[in-house]
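Input: a single structure, listed below in structure tokens.
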Amino acid sequence: MAGAIILILILTGIAGVVLVDNLIKKVMSLVILNSAIVILFVWSGSLTGSEAPIMLAGARDIVDPLPQAIMLTDIVIGICVTAVALAIVLRIYERWGTVSRRKLEKLMNENDD
Amino acid sequence: MKRILLLCLTCLLLAALAVLVLDAVVPLFRSRPANTESAGNWGAPYQLREYFSLHGVAESGALNLVAAIYLGYRAFDTLGETIVLVISVAGVLLFTGAR
Amino acid sequence: MKESKIVVLVSRKLVPYILLFGLYLISYGHLSPGGGFQGGAVLSSAMLLLCLSRGVAATRRLFRYRAVSAVEITAFALFLAMAAAGTALGVSFLGNFLPLGRIGEVPSSGFILFLNLIIGLEVGAGITLICYSLLQEE
Amino acid sequence: MTEALPLLILLPFAASVLCLLARLLRRLLLAQVVAVLSLGGILLILGLLLPVLHSQGGLTYSMGGWPEPLGIALNFDTLAWSSSVMGTVVGLCALLFAIGERKYDSDFYFFFLLLVAGMEGVILTGDLFNMFVFIEIVSISSYILIAYSLSRDSLWACLRYLLLSSLSIFLFLLGLFLVYRIMGTFSLRLITASLSSAGGTVPPAASDSASGTAKALGLAVAALTVGIGLKAAFVPLHTWLPDAHAAAPHPVSALLSGVMIKVSFLAVWRILAALGTTGLQALFRWIGPLTALLAVGLALCQTDSKRLLAFHSVSQMGLITAAFGAAAGGGSAGLSASLAHILSHSLFKSLLFLSVGAAIHLTGERDLQRSSAISTPPWLMPFFLVGALSISGLPPFNGFVSKTLVVSLFKSSPLLATALRLAAVGTAASMIKLSGMFRRGRMEPLAADEAVVGSGRSAPSPFFLIPLSLLALLCLAGGIAPRFLIGSLVVSATGEPSGGFPSAYTAEHLIESGIYAALAAGVYLLIRTHRASRVLKRIRDLRLSLDGSLVLIVAAVVLFVVLGGILRGGFPSALFSR
Chain Z
1 MAGAIILILI
11 LTGIAGVVLV
21 DNLIKKVMSL
31 VILNSAIVIL
41 FVWSGSLTGS
51 EAPIMLAGAR
61 DIVDPLPQAI
71 MLTDIVIGIC
81 VTAVALAIVL
91 RIYERWGTVS
101 RRKLEKLMNE
111 NDD
Chain Y
114 MKRILLLCLT
124 CLLLAALAVL
134 VLDAVVPLFR
144 SRPANTESAG
154 NWGAPYQLRE
164 YFSLHGVAES
174 GALNLVAAIY
184 LGYRAFDTLG
194 ETIVLVISVA
204 GVLLFTGAR
Chain X
213 MKESKIVVLV
223 SRKLVPYILL
233 FGLYLISYGH
243 LSPGGGFQGG
253 AVLSSAMLLL
263 CLSRGVAATR
273 RLFRYRAVSA
283 VEITAFALFL
293 AMAAAGTALG
303 VSFLGNFLPL
313 GRIGEVPSSG
323 FILFLNLIIG
333 LEVGAGITLI
343 CYSLLQEE
Chain L
351 MTEALPLLIL
361 LPFAASVLCL
371 LARLLRRLLL
381 AQVVAVLSLG
391 GILLILGLLL
401 PVLHSQGGLT
411 YSMGGWPEPL
421 GIALNFDTLA
431 WSSSVMGTVV
441 GLCALLFAIG
451 ERKYDSDFYF
461 FFLLLVAGME
471 GVILTGDLFN
481 MFVFIEIVSI
491 SSYILIAYSL
501 SRDSLWACLR
511 YLLLSSLSIF
521 LFLLGLFLVY
531 RIMGTFSLRL
541 ITASLSSAGG
551 TVPPAASDSA
561 SGTAKALGLA
571 VAALTVGIGL
581 KAAFVPLHTW
591 LPDAHAAAPH
601 PVSALLSGVM
611 IKVSFLAVWR
621 ILAALGTTGL
631 QALFRWIGPL
641 TALLAVGLAL
651 CQTDSKRLLA
661 FHSVSQMGLI
671 TAAFGAAAGG
681 GSAGLSASLA
691 HILSHSLFKS
701 LLFLSVGAAI
711 HLTGERDLQR
721 SSAISTPPWL
731 MPFFLVGALS
741 ISGLPPFNGF
751 VSKTLVVSLF
761 KSSPLLATAL
771 RLAAVGTAAS
781 MIKLSGMFRR
791 GRMEPLAADE
801 AVVGSGRSAP
811 SPFFLIPLSL
821 LALLCLAGGI
831 APRFLIGSLV
841 VSATGEPSGG
851 FPSAYTAEHL
861 IESGIYAALA
871 AGVYLLIRTH
881 RASRVLKRIR
891 DLRLSLDGSL
901 VLIVAAVVLF
911 VVLGGILRGG
921 FPSALFSR
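Protein chains in written order, with this note's numbering: chain Z, 1 to 113; chain Y, 114 to 212; chain X, 213 to 350; chain L, 351 to 928.
Here it is, written out as structure tokens:
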């Protein structure tokens with residue numbers, strides 16, 4: 001079940017990045033992809049045990065803590081990339097007044113000539 | 114016309130990707146080895162987990178094993194992560210002109 | 213935009229508790245779920261709440277831009293210093309050079325506690341700065 | 351001495367903190383001095399590490415004292431040494447050039463230092479997830495540096511690069527997940543050990559069938575390769591590079607084209623060496639010549655000087671990947687040719703970017719059609735000439751040596767060799783086209799900035815002269831004494847016996863390069879005709895849209911999985927025999 005959800009998230013994310021015209025929505029699709037990766041790692045780590053990796057008395061069958069730890073790093077990096085991407089999109093919007101990929105590329109090609 | 118072509122191509126590729134991923138990944142999840150000790154030389158995720166649950170607290174002094182890995186065993190990743198944060202903050206400030 | 217009294221009042225009362233909760237998450241990060249990044253994100257969410265309810269300008273008067281940036285840079289420098297201190301004290305680069313203490317108490321686990329604090333401040337200040345610059349009012 | 355290893359990364363990090371401080375205090379000079387000092391310090395440490403490296407073969411440093419499956423280790427071997435020397439030298443030259451340009455504030459040096467530090471990290475790290483972190487440091491700082499001028503083209507190029515790169519990083523993470531699931535660790539060294547000790551059998555993963563794991567490993571390698579390969583810019587993944595490298599500030603273009611794409615390729619190299627799938631490596635044998643030929647063809651059509659150079663970066667990456675792929679059957683001749691070309695390309699391409707950048711900086715004109723009327727200062731010409739001769743593969747420069755090595759690998763397959771030779775001719779022809787920039791024109795430069803023009807007309811600024819002459823001297827030295835300079839490095843990095851580095855200066859190769867030059871002149875005259883220039887314009891206007899290039903990434907993964915599987919020939923058995 002969880003695997004199916006992750007697959008759907010991944011496919012949605014890729015399709016969103018590729019097919020959607022709005023640049024902000026493209027960035028949002030990247031966020032979806034990143035979340036899918038986070039869920040994938042944490043879910044697959046959780047298959048190995050049944051308790052949280054907090055070693056209070058009696059904890060024995062813990063889940064794999066490594067995926068959780070590295071996903072923290074991945075989440076922060078995802079936030080950073082998203083912030084930079086949004087700042088650039090903001091700047092592009094200020095300059096051209098549009099966030100549509102097609103309009104932007106048309107404007108760029110016209111300006112070239 | 115171009116857009117429809119792109120749409121079809123994307124759907125086709127996504128389907129191919131899904132098939133490839135499922136084909137490769139599903140066998141990995143089909144079974145879980147019962148005996149963790151039998152896994153060989155760092156063969157599977159089970160061994161690292163085993164090590165952390167046995168020695169993690171004593172070695173790092175933290176009850177929260179995620180924190181023990183995040184800041185103890187793999188602190189170098191965390192160092193890189195803070196640098197990414199600093200860079201992107203400086204970058205956002207540069208792009209939005211808020212200085 | 214018109215200010216809503218309810219939003220202003222609730223956020224004003226809520227912000228200290230959110231900050232406190234963030235500090236709790238940071239300082240108990242090695243004992244219970246939580247940690248530097250999570251606590252830092254909670255800290256910056258308090259700042260985001262302030263920005264949204266009172267406006268960025270008012271928040272920036274309360275927490276100066278230069279002060280927040282100084283916190284961020286200091287935290288980053290401290291992290292590097294902690295990393296290098298391991299080498300200097302003969303442990304290893306990024307090695308835990310402080311005594312582990314009694315496991316289960318708050319002052320334990322050597323430098324993990326301090327790194328949690330540093331990262332908490334760093335993440336809190338960093339995300340606050342991003343909020344400041346992306347939420348600028350025209 | 352191993353204790354000095356983390357300093358290689360820590361030094362630029364600490365310097366970048368000082369740059370941030372310099373921004374707060376508004377002291378530009380502090381940032382510049384600190385940046386130069388930290389890169390100089392890295393060079394010093396690398397120099398001190400060389401004897402240790404010679405006596406011990408390779409160094410390993412465990413971060414925090416945690417041994418490898420638990421923690422992260424830095425692996426330092428000759429490959430890492432030579433590529434970090436390359437990165438630091440080019441970085442230092444670009445840094446001096448940036449100081450000479452006098453238009454960046456201390457933020458610029460902050461990002462620049464972190465870019466260099468990130469590349470050091472990618473080279474040094476022995477852990478796949480840590481590699482991801484450093485790749486993100488490299489990519490985020492390069493996004494920001496590309497868009498640093500906040501000009502129209504650079505913003506769009508930056509966003510384009512960001513979206514493509516984020517999609518590929520997603521694939522990299524997917525590959526990381528599979529590697530962790532199969533191998534249970536991210537450590538490259540342990541993965542290699544585990545795969546080779548398993549011999550023909552599959553590692554003991556949580557699978558019930560051997561072929562299932564092999565398939566998953568194939569997918570993982572393909573995803574990892576595409577994930578980093580986007581930055582290495584071989585053919586289906588090159589679409590971002592011309593825009594981004596052309597739009598970046600000149601020193602950043604030199605660093606990105608000179609070092610970053612090769613560092614990413616070295617990461618691919620490390621991954622393929624550890625995970626050992628010869629199928630993908632054999633695929634590079636075909637991708638390489640294709641990349642070289644296609645990119646040279648596109649470069650000939652360009653009129654923007656920096657875009658033309660950026661396309662040449664792609665085509666030279668084609669040569670590098672071709673040599674890497676030729677090593678798939680075993681034997682280290684391909685690997686050493688690949689590394690030799692990596693080193694020499696980083697020198698001459700950064701030289702070219704910096705000299706063209708200096709010309710643009712001094713005249714304010716980057717379009718070849720217009721700039722031929724404007725005269726550039728005459729002292730720039732020799733530097734450009736060294737770079738142009740070197741990239742065209744003419745003696746006595748380093749490009750000749752390494753290019754000859756690469757082409758001589760393809761003796762057995764005339765088709766691929768012909769493609770590489772055609773690419774060489776095209777390269778030389780487009781260099782003739784580019785040299786139009788440096789001719790004496792009728793008009794004096796019309797730069798808006800009076801101070802800039804003044805410094806161009808009188809004595810050249812030492813901040814331009816020193817990096818340019820250093821790079822030019824290294825190009826010349828690499829060509830005159832290849833065995834001594836490149837050869838010894840390459841041989842110890844790829845493990846070939848010392849007699850194995852062949853000499854390029856045979857009569858046959860010299861005549862061959864003469865023929866290239868003659869043909870190139872012919873091609874140049876051909877593309878100058880009226881009819882040809884219309885065709886070139888039409889090709890130039892064919893631009894792949896953003897969505898198209900995003901689709902290409904997904905297509906590349908599917909292609910790599912399928913073709914890699916086919917070339918490997920039978921999944922389970924041949925997979926682990928490297």
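Beta carbons: idealized from backbone N, C-alpha and C, even for Gly.
Buried versus exposed, by CB contacts within 10 Å (16 or more), residue i
i: Y/Q160; result: buried
i: X/H242; result: buried
i: L/R620; result: buried
i: Y/K115; result: exposed
i: Y/H168; result: exposed
i: L/P417; result: exposed
Option nearest residue i by Cα separation, candidates the options
i: L/A596; options: L/L398, L/S433, L/L545, L/W506; result: L/W506
i: L/I865; options: L/P356, L/A779, L/I485; result: L/A779
i: X/M281; options: X/S239, X/K217, X/G336, X/L346; result: Note on residue identity: the sequence assigns Ser, not Met, to residue 281 of chain X. That would be X/G336, whose Cα lies nearest to the Cα of X/S281.
i: Z/G78; options: L/T542, L/E486, L/H404; result: L/E486
i: L/S655; options: L/V609, L/M781, L/A687, L/A773; result: L/M781
i: L/L826; options: L/G749, L/S518, L/F788, L/L580; result: L/G749
i: L/A906; options: L/G525, L/P586, L/V384, L/V367; result: L/P586
i: X/G267; options: X/I238, X/G252, X/F305, X/S223; result: X/S223
i: X/L301; options: L/G829, L/E353, L/T563; result: L/E353
i: X/G288; options: L/L370, L/Q406, L/V402; result: In the sequence under discussion, the amino acid at residue 288 of chain X is Phe, which differs from the Gly named in the question. When each option's Cα is compared against that of X/F288, the closest is L/L370.
i: L/I395; options: L/L357, L/I422, L/R377, L/I724; result: L/L357
Rounded straight-line distance, which links the Cα of residue j to that of residue i
i: Z/R102; j: Y/A188; result: 43 Å
i: L/L815; j: L/H711; result: 14 Å
i: Z/M108; j: L/R893; result: 11 Å
i: L/L298; j: L/Y874; result: Look at the range of chain L in this structure, 351 to 928, and you will see that residue 298 of chain L is not part of it.
i: X/G298; j: Z/M1; result: 46 Å
i: X/L327; j: X/P245; result: 16 Å
i: L/V751; j: L/G898; result: 37 Å
i: Z/L11; j: Z/I37; result: 12 Å
i: L/T671; j: L/A769; result: 14 Å
i: X/Y344; j: L/V912; result: 48 Å
i: Z/G49; j: Z/W43; result: 11 Å
i: L/P732; j: L/P832; result: 21 Å
Short CB-CB distance (under 8 Å) between residue i and chain X
i: Y/S166; result: no
i: Y/G174; result: yes
i: Y/G193; result: no
i: L/L371; result: yes
8 Å Cβ cutoff, residue i in contact with chain Z
i: X/F326; result: no
i: Y/L125; result: no
Residue i and residue j closer than 8 Å at C-beta
i: Z/M55; j: Y/L178; result: yes
i: L/K699; j: L/S819; result: no
i: L/R720; j: L/W590; result: no
i: L/S705; j: L/G743; result: no
i: L/G471; j: L/L538; result: no
CB contact below 8 Å: residue i versus chain Y
i: Z/A36; result: no
i: Z/I32; result: no
i: X/V254; result: no
i: Z/I39; result: no
i: X/G251; result: no
i: L/L368; result: no
Min CB distance residue i to chain L below 8 Å
i: X/I285; result: yes
i: X/A296; result: yes
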